[in-house]
Amino acid sequence: MKKLVLLAMSMVMGTTAIAQDKVEATINGDIVSSYIWRGQDLGNVSFQPTLGIAYKGLSLSAWGNIGISNADDTKELDLTLSYTIGGFNIGITDYWTNDGGDPEARYFRYNAHGTNHVFEGNIGYDFGFLSLQWFTNFAGNDYKEDGKRAFSSYFEATVPFKLAHVDWTATAAAVPFTTDYYNGHTSGFAVTNLSLKATKDIKVTDSFSIPVFGEIIGNPCTQKAYLVFGFSLHP
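Numbered by this note's numbering, the letters in the sequence shown go through residues 255 to 489 in order.
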């Protein structure tokens with residue numbers, strides 16, 4: 255279950271960054287050849303819109319996924335509330351998908367053991383040359399077989415760099431504990447996401463360009479590999 259309905263709050267305890275003094279809005283959408291989230295295959299060709307607003311490090315955004323080639327692919331709405339200062343961040347995310355504890359997939363149903371929402375907290379630090387993030391589910395549809403809360407977690411390290419006039423990002427990530435939330439089931443520590451992503455702006459006119467990206471993803475835990483292509487549209 256991926257980037258499922260999410261409400262994220264990122265609070266950064268860095269020391270030197272200057273927050274924006276004006277309200278900023280984000281409106282964009284990605285078209286991707288496959289929906290791969292944290293090393294998991296969640297669908298085929300998809301449209302993924304984003305709507306957000308930010309002020310002085312505090313941001314609220316909505317992210318969604320809609321399958322284009324297959325109507326049965328994951329439908330998702332994630333809400334994220336975040337705050338950032340310097341390189342340090344902390345956040346809360348509310349993921350919702352059409353798959354979960356409620357067979358009718360009702361959005362406004364939050365009953366214990368009967369909801370499709372998963373609430374996740376995250377904390378991390380961006381050093382510039384390296385970003386570290388930790389994510390843990392703390393509420394919603396994430397339980398062990400005995401009915402107790404699983405607190406499923408995921409952590410990742412990302413390294414950005416430039417090569418051949420292209421922006422690259424290398425990612426290594428793992429699940430630290432036993433969980434059914436990632437990859438169907440992991441029985442302890444498992445490396446679940448090794449990826450390399452390349453992004454480049456394609457100039458259309460002097461004032462308009464389209465970012466395109468390609469990403470190769472491997473999941474050693476499931477022995478699966480994926481190649482994804484996509485592009486972004488924004489005003």
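For every residue, glycine included, the Cβ atom is placed at its ideal position computed from N, Cα and C.
(message) For Ile246 and Gly283, what's the separation of their Cα atoms in angstroms?
(response) Nothing can be reported for residue 246, as the shown portion of the chain is limited to 255 through 489.
(message) My output table needs one value for Asp332: the three-state DSSP class, helix, strand or coil.
(response) strand
(message) Judging by CA-CA distance, which residue of Asp434, Tyr379, Leu448, Asn365 is the nearest neighbour of Thr423?
(response) Leu448
(message) Let's test the definition: count the other Cβ atoms within 10 Å of the Cβ of Ile470 and tell me whether it reaches 16, buried, or not, exposed.
(response) exposed
(request) Look at the Cβ atom of Thr280, then the Cβ atom of Ser315, and state whether they are nearer than 8 Å. (result) yes
(message) Just to confirm, is the Cβ distance from Asn376 to Thr347 under 8 Å?
(response) yes
(request) Verify whether the separation of the beta carbon atoms of Asp295 and Ser288 is less than 8 Å. (result) yes
(request) Just the C-alpha distance for Thr440 and Thr459, rounded to the nearest angstrom, thanks. (result) 48 Å
(request) Look at the alpha carbon of Ser502 and the alpha carbon of Asn343, and state the distance between them as a whole number of angstroms. (result) This structure cannot speak to residue 502, because the chain is shown only from 255 to 489.
(message) Measuring straight from C-alpha to C-alpha, what distance separates Asn391 and Asp455?
(response) 35 Å
(request) Can you check DSSP and say which residues form a bridge with Arg403? (result) Tyr397
(message) Using only CA atoms, which one of Ser300, Ala308, Lys310 lies nearest to Asp326?
(response) Ser300
(message) Taking DSSP's pairing of strands, which residues face Lys416 in a bridge?
(response) Asp421
(message) Rounded to the nearest angstrom, what separates Pro430 and Thr304 at their Cα positions?
(response) 29 Å
(request) Report the rounded CA-to-CA distance for Asp356 versus Trp317, giving the unit in angstroms. (result) 21 Å
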